[in-house]
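Structure first, commentary second.
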Amino acid sequence: MSIVHLSAITKQFGKVTAVEDLDLQIGEGEFFTFLGPSGCGKTTTLRMVAGFYYPTKGVVKFNDRDMTTVPPEKRNTGMVFQNYALFPHMTVFENVAFGLKVRKLGKAETKERVEDVLKKVRLDQYAERQVSQLSGGQQQRVALARAIVIEPDILLLDEPLSNLDARLRDEMRAEILRLQQEYKITTIYVTHDQVEALTMSDRIAVFNFGKCQQVGTPTEIYNEPVNDFVAEFIGETNLLPVTETGAGEGRRVFRVDALGQEVTVNETTLNIAEYGKEDDLRMSIRPEAVEVSKTRPSGLNVYPGTVKNVQFTGAAVHTYVEMNQGLTLVGTALNQGPSTYLKEGADVFVRLPEDQIRIVPKAGV
Ligand SMILES: Nc1ncnc2c1ncn2[C@@H]1O[C@H](COP(=O)(O)OP(=O)(O)OP(=O)(O)O)[C@@H](O)[C@H]1O
Numbered sequence: 017m018s019i020v021h022l023s024a025i026t027k028q029f030g031k032v033t034a035v036e037d038l039d040l041q042i043g044e045g046e047f048f049t050f051l052g053p054s055g056c057g058k059t060t061t062l063r064m065v066a067g068f069y070y071p072t073k074g075v076v077k078f079n080d081r082d083m084t085t086v087p088p089e090k091r092n093t094g095m096v097f098q099n100y101a102l103f104p105h106m107t108v109f110e111n112v113a114f115g116l117k118v119r120k121l122g123k124a125e126t127k128e129r130v131e132d133v134l135k136k137v138r139l140d141q142y143a144e145r146q147v148s149q150l151s152g153g154q155q156q157r158v159a160l161a162r163a164i165v166i167e168p169d170i171l172l173l174d175e176p177l178s179n180l181d182a183r184l185r186d187e188m189r190a191e192i193l194r195l196q197q198e199y200k201i202t203t204i205y206v207t208h209d210q211v212e213a214l215t216m217s218d219r220i221a222v223f224n225f226g227k228c229q230q231v232g233t234p235t236e237i238y239n240e241p242v243n244d245f246v247a248e249f250i251g252e253t254n255l256l257p258v259t260e261t262g263a264g265e266g267r268r269v270f271r272v273d274a275l276g277q278e279v280t281v282n283e284t285t286l287n288i289a290e291y292g293k294e295d296d297l298r299m300s301i302r303p304e305a306v307e308v309s310k311t312r313p314s315g316l317n318v319y320p321g322t323v324k325n326v327q328f329t330g331a332a333v334h335t336y337v338e339m340n341q342g343l344t345l346v347g348t349a350l351n352q353g354p355s356t357y358l359k360e361g362a363d364v365f366v367r368l369p370e371d372q373i374r375i376v377p378k379a380g381v
């Protein structure tokens with residue numbers, strides 16, 4: 017069952033359209049992420065779910081209840097802000113108890129619930145500490161505890177890890193997921209970090225310029241991008257303009273101008289992106305699908321090139337190959353040992369497997 021329904025939501029700030037005609041459904045217990053670059057409308061959308069902003073047009077519903085203009089304190093959502101927004105002069109206990117006090121809960125029950133949630137976020141030893149005396153990661157845990165203690169129907173997290181260092185961020189990611197699964201709370205998570213989105217989410221909505229580009233599971237978004245923006249924003253890709261030149265026997269043929277050649281694409285694995293002949297089209301192929309070899313492989317879509325650069329990252333090796341007309345393609349392979357590394361300047365062959373190529377239209381603005 018969907019718990020959050022956004023129907024044809026638009027939000028304008030003067031002449032700026034922050035969010036445009038957005039439709040989204042978020043299911044009960046789902047971990048749902050808004051992903052996109054800075055300024056694309058993620059926070060504005062989250063704030064419309066929280067009630068801090070009301071939409072200029074459109075309807076917000078929680079289950080069947082119209083919440084479009086219901087104030088935040090009547091929505092039973094728990095929010096964690098990027099800067100935590102804690103009360104620095106209060107203790108950890110007082111910060112977490114705040115929402116319960118506002119709800120006029122009795123002293124004994126407040127104590128029990130705060131202590132319980134502090135245990136869950138592993139801060140029970142810190143209840144009497146002032147928040148200003150805590151580390152960033154501990155403050156983030158207090159913010160989480162404060163949001164969860166009110167037993168919200170929906171947990172809203174706005175870039176909650178962006179102020180933490182890389183190691184702490186990993187730790188807190190796991191912590192948030194553990195709590196979300198334990199409480200089974202419907203969660204909306206805002207981030208511009210694709211790794212965070214891919215590793216944590218049940219589903220992701222990819223935003224750009226105030227519009228939702230695609231909604232899907234992490235694997236759908238990565239493997240089946242619906243346009244060039246999604247293909248390029250999530251993960252690495254080789255993206256080249258193409259024009260369709262022919263079709264037949266379950267295959268389609270595209271001219272790749274930058275390659276001065278044609279590529280053949282398997283029709284059944286083409287992709288889910290819809291496009292018309294008149295569209296401005298791109299082919300996208302992930303580096304891990306690009307095969308680079310010293311000897312000419314059999315099969316379609318094999319092109320000669322010269323190794324320009326080899327980048328070693330430990331687990332993987334990225335080989336940049338210069339094709340004709342100055343075009344560079346990158347192929348990524350797992351590290352198979354020094355004897356397999358290709359040398360700069362080596363003549364090689366690049367194969368683009370026909371079932372790994374995706375054809376996508378250019379994203380509309
Ligand atoms: N209160 C406001 N008044 C005027 N313009 C605003 C306001 N809030 C947001 N905007 C504009 O709306 C657009 C979307 O902003 P929003 O904060 O939702 O983006 P975002 O995707 O969350 O970005 P970030 O990752 O940088 O937080 C931006 O162009 C922003 O400048």
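Counting the sequence shown from 1 gives a position; our numbering is that position plus 16.
We put the beta carbon where it would ideally sit given N, CA and C, even for glycine.
Query: Return yes when at least one heavy atom of ligand 1 lies under 6 Å from the C-beta of S178, else no.; Result: no
Query: By DSSP, does N239 sit in helix, in strand, or in coil?; Result: helix
Query: Quick one: Cα of N99 to Cα of V112, how far?; Result: 16 Å
Query: Looking at the strands, I want to know which residues DSSP matches up with P257.; Result: R298
Query: Taking 7 Å as the threshold (C-beta atoms), are V366 and V326 in contact?; Result: no
Query: Closest to T253 by C-alpha separation, out of D371, T84 and M299, would be which residue?; Result: M299
Query: Where Q197 and S178 are concerned, what is the direct C-alpha to C-alpha distance, given to the nearest angstrom?; Result: 22 Å
Query: For V32, is the beta carbon positioned less than 6 Å from some heavy atom of ligand 1?; Result: yes
Query: In chain order, what residues of the same chain lie with their CB nearer than 6 Å to the CB of P303, ignoring the 5 residues before and after it?; Result: E252, V346, G347 and T348
Query: So, is P234 buried or exposed, given that buried needs 16 or more other C-beta atoms within 10 angstroms?; Result: buried
Query: According to the Cβ coordinates, are Y205 and T49 closer than 7 Å?; Result: yes
Query: Heavy atom of ligand 1 less than 6 Å from the Cβ of C228, yes or no?; Result: no
Query: May I ask whether a heavy atom of ligand 1 can be found less than 6 Å away from the beta carbon of D26?; Result: The residue you asked about is not Asp; residue 26 is Thr in the sequence shown. Result no, Cβ not under 6 Å from ligand 1.
Query: Which residues mark the beginning and the end of the alpha helix (DSSP H) in which D244 is found?; Result: D244 to F249
Query: What three-state label does DSSP hand A34 in the structure shown?; Result: strand
Query: Take the Cβ of T344 as the centre, count every other Cβ of all protein chains shown within 10 Å, and call the residue buried at 16 or more, exposed below.; Result: exposed
Query: For the candidate residues V246, Q155 and K27, whose alpha-carbon lies nearest to that of M106?; Result: Q155
Query: With 16 as the cutoff for other CB atoms within 10 Å, does E167 come out buried or exposed?; Result: exposed
Query: Excluding the five sequence neighbours on either side, which residues of its own chain have a C-beta within less than 6 Å of the C-beta of F245, listed in chain order?; Result: N224, Q229 and A379
Query: Do the CB positions of E46 and T202 come within less than 7 Å of each other?; Result: yes
Query: Cα-Cα, which of L22, K324, K310 and R183 is closest to S355?; Result: K310
Query: Using beta-carbon positions only, say whether T72 and G226 come within less than 7 Å of one another.; Result: no
Query: For ligand 1, I want to know if G55 counts as a neighbour, meaning its beta carbon is within less than 6 Å of at least one of the ligand's heavy atoms.; Result: yes
Query: Is K73 near ligand 1, with its Cβ less than 6 Å from a heavy atom?; Result: no
Query: Does G115 pass the burial test, meaning 16 or more other C-beta atoms within 10 Å, or should it be called exposed?; Result: buried
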